[in-house]
Each structure stands twice: as structure tokens, then as C-alpha cells.
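Chains as they are written, first to last, in this note's numbering: chain C, 1076 to 1464; chain R, 188 to 475; chain H, 5 to 327; chain Y, -14 to 241; chain A, 3 to 232.
From the three backbone atoms N, C-alpha and C, an ideal C-beta is built for every residue, glycine too.
For clarity, every value in this text was computed on a predicted model and none was experimentally measured.
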Ligand SMILES: Nc1ncnc2c1ncn2[C@@H]1O[C@H](COP(=O)(O)OP(=O)(O)OP(=O)(O)O)[C@@H](O)[C@H]1O
Ligand SMILES: Nc1ncnc2c1ncn2[C@@H]1O[C@H](COP(=O)(O)OP(=O)(O)OP(=O)(O)O)[C@@H](O)[C@H]1O
Ligand SMILES: [Mg+2]
Ligand SMILES: [Mg+2]
């Protein structure tokens, strides 16, 4: 159908109305997934995708009596590309539910388009606070985490266990800024003092100069928010420049993430981080997930694998509740909002106000086991709920 | 004051690392007039190949230090003979486009072979210790980089400006036809230079990997930085590249120290200022 | 008159597109037209004046962010947003131009890159103004009075109209005496100077015009997507548009348009099928450089000549004898 | 004295780094004069032209045109005032056609240089095109009108080089070795055209072909070692022993 | 020594040389005359391999050259002084000479070139591009001599040289001839060329229209072939 026809109706009613009937007849639900499969975030995109596929495989790609079809598009972590891909998914593939987005910018970019087209969207990674705050939409629900959850959960623990003075270093982009701000808020609320802050640019690979600066500070510990290659470089150089012996390193789970620790090597030992899932969580759900994942892909799952796995399960449960009827987007989001189960990361459910997930957070310590490092769970912060503003 | 001294050492070692990364680009541009946008990719291959050698096959950094650059040189050889050669008569812009295309191709080849995870290379034990200077701990490897950088600079400078080869090579830049008509197999010269450029890029990859790491899209980040250094120094001048590397290294280190948020801005600002004041870079020459 | 007829045909076809093509394709077409305007503006510098810029995204970004901020904070009126976008990018171009005119060749390329990266840093870091790395979202649709460009088809027509204005305006411009001076500068600036032209001024004007039209394209992009992010100011954007110009055929009017169409289509289509889209696109660049150095337009010309030659083979032989 | 001279050079010098190429040159040129400039290779003749046209700034001294100081005026403004040069080394728009080279020159002269809203074609700019065609006809280059400059032979390019200078109808024309590389017959033809240039045109010509230069010039200036060695009538210069020694060659053979 | 047989050379579609044949004998000078655009430079370029001929032969001491790349032709002993000098502007005078220097026992050395052209010695460290026209011409000649050729192709070597330098070059060519070098000289300065010539060729529109000794090239023939009315 031509553009004129589709837009003629789109001002008033959901655009995917006309075609849903078609899909229903064949009993197929189409899930669109926008993830980065190329560029800097490619490995995250791959893990998310693998996690989703693992779960869909487990239910034989069927839920509520309909077949599940997943169409993946590469966003290249570029918001404009993501928009282009989203339009393709909506218009050409006629998807019923959207999921994905690793980069927060991508999530924000698709936000208006999703909202005005009433397309149910389950955000499965992007953690920008605003997506479930000021930019909240009836059609957007998030099953991953928010920056606030990650940063805030560490605050009180750090004050009690590390000390009263902390130096803060975070990658200079919205995510890094948000997480460290949340940490600072909680840490100061607990009574601690941030004695210095520094924000190296994203993708900075030599931290020598920053480490020299940090090294001359009077602090009890250093909070670092870095991810990916930044994290590897930071943690390694932190040790090489002799800081590790002087200040304990704390941060978010990505600092010593599952897929990075091998590269980081022993330098990771002794880091304390906050995260919402870890490989070594000792629950039945997690053991089952880890075993299944390792069997399917012959490597350890990462936190992104888990995110994908959970997102898939949420979709499946919602579809089951709907009996496979995806005609009405409002019903879909309602079904999603009611999903609640014990995931490998612990019990999860949605906050009906913010549309954001309520979950446990864990403080872990990195320890040496044999010739590699593992994260050990020290403490659980239960049912962390984003304040939503 | 100690902190200033320590930052100076940081700046110097970062600067010479930049030099090691950039000198191949500078050589190829200065001599062939080819702005090799795939230089970063060759650098990346150097790092990845070294990774494979140290992590899986031989576990020897020393072996990687020899084999990885040679393998990259081989890639450079193929690129020059098969792709670059037909474009010499088309002008500089074509080569920019061609090597850019190559960078894309190499990017995906690398991610197909090595995936998109973050990797590192472990340095041999001799270098893995640290030394205390200005009340600050420095990894020995960083200091070794300073020495290696100076060594390469000396060798390149000598060849380029003190030997007949240097003259022939630079003559080819202005008038290939005439160099040929005067009895020099300019095509061969170009191949050799490009291969040496590749060798240096690969070597840079191995040396830099323990410091800068190996991660997807590393080549583009390196490329931009290398281009900045190249331009600040002045095109075609190895000495200029050296001065610029050290300058950029020190400016970047101190800007991170003094204005951490502005460091990205400042490097490009530095380049803009240098070019506005000296339109041919610090040591570049302009000939009528 | 033949060209006139073909222009009209193309226009009519474009005008009818929304009745035939699906929404997705219309959106793709809109994007192509926007990037075509952008590429055309760069082509003034690269193709006609011989100044190869790797910082053109700066103006695109300034235009896009100006339009976005205007629409959010001031007015979503079409003329006000576009007007301000053009004025701001023009001013930025005028400022940057003062410095860039001092250098030439590869140094020009790098200096433009430097300025655009500085603008990028600014956009990236002024989180409160520009949204930083997350970009600016929730930008209202543009309107004229009460009429709102509320759906993609209306926006398509808006973009088409602006594209036509830009295309024909630039066509006139490059063929005017002024444009011919630019071509002269590309070929040999010293000579043109000693003909009595103030070449510095001509280059400066070319730079400003290119910047302003680049900004115009940027503002359209904002209207189109309702969103703008720092990636659109990053050097990769400058690189992409430069490639559109080169692949299409620098120094021609049609080239950049075709280049934009090819690159956008390839990026969209290929990456839906494989994650190794960079490999395929990269290989395409290489093939172009080696086999079609004159770009898409060059291919067209050779085909045309081939056709012509076969048709009157006898005549051509005569001519070469005489020469 | 200064008043009547159209071009006055007052103590001009030029150094490149430590090399003092031109030391102290003073010269007055009057309207309609034809001045021949000779001197050994590397004496600084081309450099002198570069100073006059503003392609290089002098290291010292002043230059006046019609009593106005032009020492610091950029070259394109001097061209507009009627001082036009040709280059010793062909310096053309190599990728364009002969006609385009000429049109670009003429459109400036006729004042259309800044028009940006009207396409340049034969219909809209009749004057430019007519003049271009006439010039090409007159210079015997009509058959080359649409040839791309870089595909012309060296001597043909030389002719275009001079044509572009003359086409601007200058008041002062500076020719740098105009006939170098031209064959005898072309030289004769061009020299004939130069003779026919308007009487009030002031001509400065650097030329190693003595037949040409002695034929055209009213006054000769011999540059040597950065200064003026001899100045005077062609006859006088030809017989000057110093000039013979450093420039023409000791025995008066009929080589040239 | 050097023999050119029935050369046909094209630039793209346009046929420039229509069967040019000529010879340069051992230790002799052949000159090639012709008006502008008649194909002299094209002939030279065809011999040295810069514009490979479509058909015909170039034979040097019994070996065919026409299919070889230009650097090999040069190495086999063909030197070139190109039209328009074409020195390397981004190299100093010394480096310009260094690039082509091929040492041969008793052959040309850089110092000998400096003796020949003292002006170059004075400008030793100047960039080639900054030299005056005449100085560049000297450099170009010096550069060609340093390849120590057996046959030297000179394309208008007197262009831009002062009369005294032209005489100097004439003397040099005479000396070279005595020392056994063969030369093909293209010149517009006909009287200079005739002073050196053993054999004269005149080109017109890519065809040899005169082929004879210097004596046979009488002033009337000269007038007929080189004046404009032809
Ligand atoms: N930019 C420059 N830098 C250094 N030296 C220069 C420069 N330009 C010219 N020269 C030197 O100045 C001298 C004069 O050069 P110029 O070109 O004026 O000579 P000329 O009289 O025109 O000689 P010719 O008759 O050979 O053309 C030469 O020795 C040349 O090497
Ligand atoms: N690259 C080229 N492409 C096409 N035609 C060319 C090219 N070079 C030269 N020609 C043409 O070939 C013909 C012969 O040129 P050539 O340079 O051999 O002449 P020439 O006898 O050396 O003249 P001159 O005395 O002016 O140097 C000329 O008509 C010229 O226009
Ligand atoms: Mg001169
Ligand atoms: Mg010639």
C-alpha cells in the first residue's frame, strides 16, 4: 500500500491496524529487534541477540498459539540509522512488537516514532534515565536497568565499606555522567565526600595522565565508571601505575564484566562493583540459564545475554497472556506490564508508573580463582526501584 | 612539582607512541603522496596478528614483534600491487577514496576473524615491571616505548634525507614520469615504500597494543589521531612528525591534567592554531 | 530542450512517488533528497572550487541543531526555523572560512576536519543545550501558520520542493560567470589571480554558500527525523558525504545526487542482509576508484559515448584521420 | 619627473633568506615605451617581474603606478589597474578548453566576474563570446578553440599564454620570454602581432631571442648580479663590451 | 646507433605520428625540426617510452626498445633532456643530480656537472622549483648527462638560455659528440641546431618531410618547410 494510503490513516489510528489481520490469519507475531551488529557495540548486540534466541528456542518460537518471527536490524549504534531501520520494520515488515537498542541515543531517537505509531517497545538494554522518566511513553517499557539503579546502589555500600572520601572517574558521555551522578547522590546522602571528579572522553585509551592526577589525591577509594575497551584499559593501567595498592577500585558491573575480565587479567582482582546479574549468582534459575547458554554457544553468557534472554521471556509471557492476539497495541503493553517472574537475575516485575523494571542489585568483589578471576557476590540490594523523576 | 615531572614523562611516552604509530603514514604520504586511510587498519592488523601469536600459537611477544609486522607488510604488498598501482595516475583524491574503502573492508575482515571483543597483549616479563620516577610509579614498558620511538625516528631521518634513495623517492612524488624516463623503476620504488609503510604500521600495532588495547573500530580512532599528528608536523617531514608527536603527546597529557573535559577539543584546537599560523605545518616546506 | 523535458519528467515522477511507493520508500527517498542537497553543497567546494573539505558535517550539524532548538524553544514555523538554521550555519561558515582560507590542499582538508571536530566536541559536551551524546529528541513538527507538516508524505513534498530550489539554484550558480571563476580556481589559482580575480574572496564566498546550504540540509534532516544526535556532526558524516560526491562524480550536478542515492540505498539494504555491510560498501568504493574513476556520472557518459560511437562509427573514424 | 612616468621603481630589492637576488633597482617607464629586459640566467629578471605584478613582495623599495604607490597592492588589483603579465613557464587552466581559458579572462575584463545568477552561454553573453572568437581568429588559433589546453603542444600553449595577457587589453604588459619554445614562423607571427599592439601600451619584455627583443624595444635594461648593468638604446647595448662578455658571448657569431 | 622505423603514435583516438622513421648514427647529431605541434616531442616520448607507439620499431644497437618501460630504456643508455625542463621542484639542486647519477668509470660525476655549470654550484642547496628558467634548463641537461647515456635525446635544450649559455651548450654538445655520444636534438633555434647537425629531419603533421644531410638542407628548403605558409 502506498505512502499516501498509510499516512491517510496514521494521523488517527495505529498504522499497523490494517495488516495485523493478515498476520493473525497466518498466526505469526513479528518481533522487530534493533541492535548494533557492527561498530563499537557489536559484541553487545550479538550477546543480546543470542540471549533472545536462546529463550525463543526453548519455547520453540511459539507463544499463545502463534508463531514468533524475529526480524533483526543492525543499528550500527547510529540513531539516524536506527530510525531508518525502524521505519523499515514498521512499514515493510509490519512488526507487532519492537525490542532492542543498546545505545541510549538510539532509544531516544526512536521514542517519538514508536510513540506516535503506538508500537509496543520493550527496551532491552539502553539505560538512559529519561526513557522512563521525562520521555516516558505508554508504549515503552524497559526490562534492563536505568543508570540510576546502577550508580545509586553502590552509594551506601561504598560509604560503609570503603571509606569517607572517594575520587570519581567516569567516561564522558550521558550514561557515564548519569551513573556517576546517581552514585554521588547516594554516597553523599550516606555521609561520604567526593574529593574529586574527572571525566575522560569516551574511547580514551591512555589513562596515564588521569591516573597520575588521581594518584596525588587524598582519598579512600576510587569510583570508576567505564565500559568495554575503556574499562580494560582503565583497570589495567590502574594497576600498572601503582594505584591499586593504594586505593580500592569500585564501580559498576561493566568495569569487570564477564567478557572483559579475560583481557583485563589479574589487574581486576579486588574491584568492587554493583550489577544486576552475575555469572556466579547461585540460584537455580541462573544455573539453568548459564548451562543452557554455554551448551548452545560454547561460551559464557554476559549480562547482555541475560538481558536478551529476559526480554524474550517477557515477550513470550505477554503473548501467552494475550493468547497470541496482537491486534491492539494497548492490550500488548498491558500484558507486558503484568509480566512478573523469577529471572536468572532474581525476581523482576514492572513499575506501573515508570514502566521500568524493579530488580535486585548485587555488590560483587573480583577474586582470583585458579588462573582467572571471578566475581563473588558480597551483598544483595533488594528490589531497587527507579524513582522515576 | 613532582606531578609536573610525572606528567611530562607521561606526555613523552605517549608522544613517542604516537610517533611509532604515525611514522609509516608520514613516510607513505611524504613520498608517494598517497594519503593512506587504511593505515589505521594495517596498524590494527599488526595488533590482532600479534594477539593471535601471543595468545594462541607461540606465546612469545618477541616472535610477534617480528612476524606481525612482516605479515602486515605482506598485506601492504598485495594492496599496493593489486589496488593502488592502477590509481597513481588518477590523482590524490582517488587514493583517499580507495584506501577508505579498504579500511571498511579490513574492518569487517578483522571482525570476522577476531570477533568484536576487547583484547589485550601481555608484555614479556622484562618489561612488565615498574620504576619509580618523580614519586610516581611508571610501567617500564612506557619507558621502552620512548627509546624505540627515538630509534625509529633516527633511522628514518637518516634514510630519507641523507641517502640517494631518499632523493629518488621524493623526486617520484613530483614527477613520476620523469623519474622513470631517467632510469629509475619508480613502480618498484613505490611498492617498496608502501611495504615499508605497512611494516611500520604493523610494528606500531604490536608496540601500541599493550598500552592502547585492541578493540573494534580501534583503527579509525588511531587514524584520526595519526592524521592530526601528520598535519601538525608538516607533510612529508619525518622530523616534523616527530616534533608533532611529542607536542601532541605533551599537550594532550597536560590538557587531561588541567582541563580533562576539553582534551578532545584542545587537540583539534592545537592543530587549527598551528595551521593558521604555519599553513604548511611545523616543519613542512612549500615550494613554488 | 531535451534536458528540459527530462527534468520535467523526473520531477513529475518524484511528485507522484507517494501515490505509488510505500511509506518506507518515501522516507528513504526523503532521506536521499536531504543528503543529496548536502552533497550538492559540498560539491561546490570539492567539485567546483577544488577545496576538499572533511568537515562539512559541521554545517549540517549547526543547521540541524539550530532548527531543532528553534522549533523547541522559539517557534516551529517553517520559515523561522529554516531561516535561522541557514543564518547560523552561514555565520559559522563565515567564521571558520576566515581561517580555512589561509591553507590549501591537504591542510585545508585537515583544518576543516579540526573545526568540525571542535564543533562536535562542543555539541557533545553541552549536554544541557544539545542533549550531549543522547541527542535532542521530541522536536516538534514544523508548520506554516496552522498548517502542520504532520506526516511523512507532507514532509517529503516539503523536502522535494527545497531540493528543487537548491538543485536549480546551484545549477545556475555553477554555470554563471561566478561559478566559472571557481572552476578556474580549481584548475589553477595563480593564473586566475593574475587575470585580475580576487580568488581569496571567491573561495570564501564558495565556502560560505556551501556552509549555508549544508545547514539547510541539516535543518531538513531535523524536520524529517524529529531527532538529532552528535553522530551527525561527527567526521564520519563528513566522510560519508564526501564519498557521495566522489562516487557520484565530483564537479557535476547530477553526480552528488546519484551518489547520495547509491550510498543511502546501499547502507539501508545491505545492512538488513548482512552484518558485514562495511565490507561490501568498502569493496564498492574500491571498484569505483579502479574501474569508474569518474563516478556514476562517468559511467553514464561512457555508456552514452559507446552508444553514440556505434551509431555513427564511420564518422568518428573520419574525424580521427583529420586530427 | 615622477609625474610623467607610468611606472616608477624606486630602490627595489628582493632577498630570499640570505640570498640577495635583486639589490637596488630603480627604473622609470613612460607611457607607450617598449622596454627590453635582458640579462644572464638567474640575474633576477623574472623575480623583477614578480615584484612589479605583486606576485612577490619586495624586500625593500617602492613601486609606483601613475604616481600611486602600489608596493603593497595585491596582484589581482594591479591586473585590474591594467598591469598584466605572462609567465615564463606556461601557467594555464590545463584541463579546460582554449575557449574557456579565454572566456574567463574576458568576462573579468568586461565586468561580469561577480555575476552569479545568470548562466554563462553564448546567448546571454554575446559580447564575451564574440570577442573571444575574434581573438582566436586573429591569433590563428581558431582550429584549437575547443581543444583542451593540456593536449596542445608546448609551443601552442605558449601562444595561449600570451594571448591571455593581451586579451585583457592592458596598459602595461609584461611578457616573460614570450617566444621561448615557439617555432620561427610562430615567433614571426607573434612578434608581428606585438608590433601592432596599441601605441599607448607600455611593454616590458624579457627575451633571450635577441632579434626579437632588439627589434621591439626602444630601450634596453640589462640586469646583472642583482642590479642594472647597462641601460640604453638597443644599439648601445648591443655594442656594450660588458654586455657582450656576460650575456651575448665574446665572439659575435650569428648563432642567434 | 639509434634507429626509428615507421612509428605510429596516438593520444587516445588522435593519430599524431604517421610513420616517422629516422636514424642517429654513432657519434653524430641528428636534428629534428618542425613547427609547433608537428610531433617532435611526441617522437621523443615514443622513443623513451613515455608514450608507447602503437606500431613501428625503435632500435638501439640492435635491440628493440618500443615495448619496454621507460626506465629500462633509460638504463639501456638513452638519456633525456625533456621539453619544459621538468626538474624536480621539491628537491635541491644537488639532490636533483643525485637522483639520476649512475656511476660509470670515467663518466659524468656531479662535480663535473658543477664545473660545466658553475651557476648550479652556486645554487647547490636551492630547491629546484625556485631556480630561474635558465638555471633549471642547465640542471635538466646536467641531470641527463649524469645517467651517462649512449644516446642523448634533447628536446629544445636552448629554451630559456641566454645567448652566451646557448653557445656554451653548443660547445658541450660538440664535445659530447667528440667523446662518442650520439644525439637527437629537437630545436626551434634553427641556426644553432644547424651548426651541430650531421643529419636533418623535418616533421610536418607527424610525417617526415625532409630527410638529408645538413648540406642538403638549403635555405630555400628551410624556408619552404618551416615558414608559416606551408
Ligand atoms: N623563491 C625563491 N627562493 C630562493 N631563490 C629564488 C627564488 N626565486 C628565485 N630565486 C633565485 O633568484 C635568482 C633569479 O631568478 P629569476 O627567475 O628572477 O631569474 P631570471 O633572470 O628570470 O633568469 P632566467 O633567464 O633563467 O629565467 C635565481 O638564481 C633563483 O635561483
Ligand atoms: N596528451 C596529449 N593528448 C592529446 N593530444 C596531444 C597530447 N600531447 C600533444 N598532443 C597533440 O599532438 C600534436 C603533436 O604534439 P607535440 O608535443 O609532439 O608537438 P611538438 O612538435 O613537440 O610541438 P612544440 O614545438 O610546440 O613543442 C599536437 O597537435 C598536440 O596538440
Ligand atoms: Mg626568468
Ligand atoms: Mg615539443
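DSSP places residue 70 (chain Y) in no alpha helix (DSSP H) but in the uninterrupted beta strand (DSSP E) bounded by 68 to 70. Look at residue 194 (chain H): its beta carbon is at least 6 Å from all of the heavy atoms in ligand 1.
Residues of chain R with a Cβ closer than 8 Å to the Cβ of residue 1283 (chain C) are, in chain order, 197, 200, 201, 329, 440. Here residue 1111 (chain C) is buried: its Cβ has 16 or more other Cβ atoms, across all protein chains shown, within 10 Å. In terms of Cβ geometry, residue 1399 (chain C) and residue 1141 (chain C) form a close pair [threshold 7 Å]. A distance below 7 Å separates the beta carbons of residue 140 (chain H) and residue 72 (chain H).
Taken through DSSP and simplified to helix, strand or coil, residue 1438 (chain C) comes out as strand. Leaving aside the five residues that flank residue 1182 (chain C) on each side, the residues in its chain whose CB is nearer than 6 Å to its CB run, in chain order, 1176, 1198, 1201, 1206. The Cβ atoms of residue 97 (chain H) and residue 215 (chain H) sit closer than 7 Å to each other.
The contact set of residue 137 (chain A) on chain R, defined by CB atoms closer than 9 Å, is empty, because the minimum CB distance reaches about 13 Å.
Judged by DSSP secondary structure, residue 53 (chain A) falls outside any alpha helix (DSSP H); it is assigned neither H nor E.
At a cut-off of 7 Å between beta-carbon atoms, residue 341 (chain R) makes no contact with chain H.
Here the alpha carbons of residue 227 (chain R) and residue 407 (chain R) stand approximately 6 Å from one another.
Of all alpha-carbon atoms in A:84, A:27, A:15, A:69, the one lying nearest the alpha-carbon of residue 47 (chain A) is that of A:84. Taking every residue with its beta carbon within less than 6 Å of a heavy atom belonging to ligand 1 gives, in chain order, R:475, Y:1, Y:4, Y:6, Y:24, Y:26, Y:27, Y:28, Y:29, Y:30, Y:31, Y:32, Y:73, A:125, A:128, A:132, A:133, A:134, A:135, A:136, A:137, A:162. Inclusion of residue 1344 (chain C) and residue 1448 (chain C) in the CB contact set at 7 Å is warranted, their separation being smaller than that value. Per DSSP, residue 198 (chain H) is one residue of the alpha helix (DSSP H) stretching across 193 to 198.
Residue range 1404 to 1413 is occupied by the alpha helix (DSSP H) that includes residue 1410 (chain C). Here residue 164 (chain A) is near residue 193 (chain Y), since their CB atoms are less than 7 Å apart. 7 Å or more divides the Cβ of residue 1257 (chain C) from the Cβ of residue 1251 (chain C).
Per DSSP, reduced to three states, the secondary structure at residue 47 (chain Y) is strand. Between residue 1138 (chain C) and residue 1358 (chain C), the gap from beta carbon to beta carbon reaches 7 Å or more. Restricted to the stretch 31 to 93 of chain H, the alpha helix (DSSP H) segments that are unbroken, complete and at least 4 residues in length are 61 to 77, listed in chain order.
Across the set H:14, H:117, H:43, the C-alpha of H:43 shows the shortest separation from the C-alpha of residue 220 (chain H). Taking a Cβ-Cβ threshold of 7 Å, the residues of chain Y close to residue 176 (chain H) are 102, 104, in chain order. Per DSSP, the beta bridge partners of residue 204 (chain Y) are Y:20. Residue 1361 (chain C): member of the alpha helix (DSSP H) spanning 1359 to 1372, first to last residue. Under the Cβ criterion (8 Å, minimum of three pairs), the stretch 103 to 110 of chain Y counts as touching the stretch 179 to 189 of chain H. Within the stretch 54 to 80 of chain A, no residue has its Cβ closer than 8 Å to any Cβ of chain Y.
Residue 1196 (chain C) has C:1173, C:1215 as its beta-bridge partners, per DSSP. In summary, the residues of the stretch 444 to 457 of chain R whose CB is separated from some CB of chain C by less than 9 Å are 444, 447, 448, 450, 451, in the order they occur in the chain. When rounded, the separation of the alpha-carbon atoms in residue 1349 (chain C) and residue 1225 (chain C) is 6 Å. The three-state secondary structure of residue 209 (chain A), taken from DSSP, is strand. Taking a C-beta cut-off of 9 Å against chain C, the contacting residues of the stretch 132 to 161 of chain H are 135, 136, 137, 138, 139, 140, 141, 142, 143, 154, 155, 156, 157, 158, 160, listed in chain order. Going by DSSP, residue 161 (chain Y) is part of the beta strand (DSSP E) stretching over 157 to 161. Put simply, of A:113, A:221, A:145, A:64 the residue whose alpha carbon is nearest the alpha carbon of residue 25 (chain A) is A:64.
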